[in-house]
Ligand SMILES: *Cc1c(COP(=O)(O)O)cnc(C)c1O
């Protein structure tokens, strides 16, 4: 039985050639391909600075550190996300809280965020940073979240791991028009890949400088940053406790080559998503919707199965898996994880997230998904829902 995965990278001969060319060059890491890839992504998104790292998780960590997140601080993120969005804050010693989702977009709900902020202000416990997540590649309502940031004085890190190639209004996600930092993932299931990899974008030079320091041991040779004015050629200084989160040139070579196909990848994903929407219109299903003036990169195609019967989703999931269709569930609300339960979150902390989690199912979606395979998915889903 052939299996249909839920996501899959597309690697062209040109991608292979670029990586081989890097292998044959002088630099496997810390060479010219990293700044080139950073420029490619920054220019595409319309951001001033880009810092390439070895994963989006690392990018979220150094983004929090650059914004001075530490013990005693609060960071809020969406209840429905991958655990990494929340873990980044814990790495810094801060505490995490979760904002419930909007039932239509499945993104952090701006009205609930506002409500929670008003309450937090009364208790003197406002967050230092809020991390909205562009779930499935559907951009969050960043203008509204940006207004709340001004009013309540918090910073914004966009977890745009799903949203490379998405746009919001006239700007691309990653432009940081309404945020301080935006983070991308280049894991193979995401929109473009570098194997493992991530990037943090910002329009703030000082934040970019700090993230570059944290990426590489906190060590620098930049004359402008050194505390002591030594002219010796070997001289460097460690200014922060940083990490080795560097991307390799091999990964960056693949990344720059993948960037050339980004618009094509997103267009292919959108065509397939439109086809799902068209073909599934009469089924007892709904799906996350894009807000006005936003265009999703469609990292995921999620359906929500009508009826609150948890068995139904489990049955559909099991039937499709048994037919070799690798459907998935994105995501279990983070506060339900045993690790997060120790912080005292109730098991049904966010009602909308609970509703969503009991009904959601991710269908296969990737640029190389053939129409025949998509039809196989649709037929299997139709039959599973009918039984
Ligand atoms: C994939 C993902 C991450 C982590 O990305 P890595 O590059 O694997 O570290 C973080 N947040 C979200 C929402 C993701 O989907």
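Numbering (our numbering), first residue to last: 51 to 437.
Don't be surprised by glycine CBs; every beta carbon is placed ideally from N, CA and C.
Assuming residue i and residue j form a contact by the criterion Cβ under 8 Å, report the distance between their Cβ atoms to the nearest whole angstrom.
i: residue 216; j: residue 184; result: 6 Å
i: residue 110; j: residue 135; result: 7 Å
i: residue 116; j: residue 264; result: 7 Å
i: residue 176; j: residue 204; result: 6 Å
i: residue 350; j: residue 289; result: Rounded, the Cβ-Cβ distance is 40 Å, inconsistent with contact.
i: residue 151; j: residue 403; result: 5 Å
i: residue 148; j: residue 379; result: Wrong, their Cβ atoms sit about 18 Å apart, outside the cutoff.
i: residue 156; j: residue 181; result: Between residue 181 and residue 156 the Cβ distance is about 15 Å, and since that is not below 8 Å, they are no contact.
i: residue 312; j: residue 239; result: Wrong, their Cβ atoms sit about 15 Å apart, outside the cutoff.
i: residue 406; j: residue 370; result: Going by Cβ atoms, the distance from residue 406 to residue 370 rounds to 19 Å, so no, they are not a contact pair.
i: residue 365; j: residue 54; result: Going by Cβ atoms, the distance from residue 365 to residue 54 rounds to 19 Å, so no, they are not a contact pair.
i: residue 69; j: residue 300; result: 6 Å
i: residue 52; j: residue 374; result: 6 Å
i: residue 298; j: residue 435; result: Not really, about 45 Å apart at Cβ, beyond 8 Å.
Have a look at residue i and residue j and give me their C-alpha separation to the nearest angstrom.
i: residue 352; j: residue 281; result: 57 Å
i: residue 310; j: residue 119; result: 35 Å
i: residue 101; j: residue 141; result: 19 Å
i: residue 242; j: residue 193; result: 26 Å
i: residue 159; j: residue 269; result: 39 Å
i: residue 275; j: residue 82; result: 22 Å
i: residue 330; j: residue 198; result: 37 Å
i: residue 438; j: residue 74; result: Past the edges of the chain, shown from 51 to 437, lies residue 438, and the structure says nothing about it.
i: residue 233; j: residue 225; result: 11 Å
i: residue 286; j: residue 113; result: 23 Å
i: residue 187; j: residue 80; result: 30 Å
i: residue 210; j: residue 97; result: 14 Å
i: residue 12; j: residue 221; result: Residue 12 is absent from the structure shown; the chain starts at 51 and stops at 437.
i: residue 271; j: residue 128; result: 38 Å
i: residue 409; j: residue 362; result: 8 Å
i: residue 57; j: residue 252; result: 28 Å
i: residue 376; j: residue 89; result: 36 Å
i: residue 426; j: residue 326; result: 12 Å
Using DSSP with H/G/I as helix, E/B as strand and the rest coil, what is residue i?
i: residue 194; result: helix
i: residue 97; result: coil
i: residue 344; result: strand
i: residue 270; result: strand
i: residue 73; result: helix
i: residue 218; result: strand
i: residue 187; result: helix
i: residue 296; result: strand
i: residue 84; result: helix
i: residue 63; result: helix
i: residue 384; result: helix
i: residue 236; result: coil
i: residue 454; result: Outside the shown range of the chain (51 to 437) lies residue 454, about which nothing can therefore be said.
i: residue 51; result: coil
i: residue 379; result: coil
i: residue 357; result: coil
i: residue 279; result: coil
i: residue 147; result: strand
i: residue 372; result: helix
i: residue 68; result: helix
i: residue 180; result: strand
i: residue 367; result: helix
i: residue 200; result: helix
What are the boundary residues of the beta strand (DSSP E) that residue i is part of?
i: residue 205; result: 205-209
i: residue 305; result: Run containing residue 305: none in the beta strand (DSSP E); it sits in the alpha helix (DSSP H), 299-309.
i: residue 441; result: Absent from the structure is residue 441, since the part of the chain shown begins at 51 and ends at 437.
i: residue 264; result: No beta strand (DSSP E) contains residue 264, which is instead part of the alpha helix (DSSP H) from 255-265.
i: residue 128; result: 124-128
i: residue 250; result: 248-252
If you compare alpha carbons, which of the options is closest to residue i?
i: residue 417; options: 377, 320, 205, 97; result: 320
i: residue 67; options: 426, 421, 228, 303; result: 303
i: residue 345; options: 146, 169, 156, 190; result: 190
i: residue 103; options: 292, 421, 51, 144; result: 292
i: residue 433; options: 368, 378, 381, 298; result: 368
i: residue 295; options: 267, 125, 406; result: 267
i: residue 146; options: 78, 428, 395; result: 395
i: residue 86; options: 305, 178, 278; result: 305
i: residue 231; options: 427, 392, 248; result: 248
i: residue 347; options: 366, 132, 324, 333; result: 324
i: residue 317; options: 131, 419, 337; result: 419
i: residue 61; options: 123, 132, 315; result: 315
i: residue 143; options: 122, 154, 90, 131; result: 122
At what residues does the alpha helix (DSSP H) containing residue i begin and finish?
i: residue 327; result: 312-329
i: residue 108; result: 106-116
i: residue 135; result: 134-141
i: residue 408; result: 401-409
i: residue 391; result: 388-391
i: residue 161; result: 160-172
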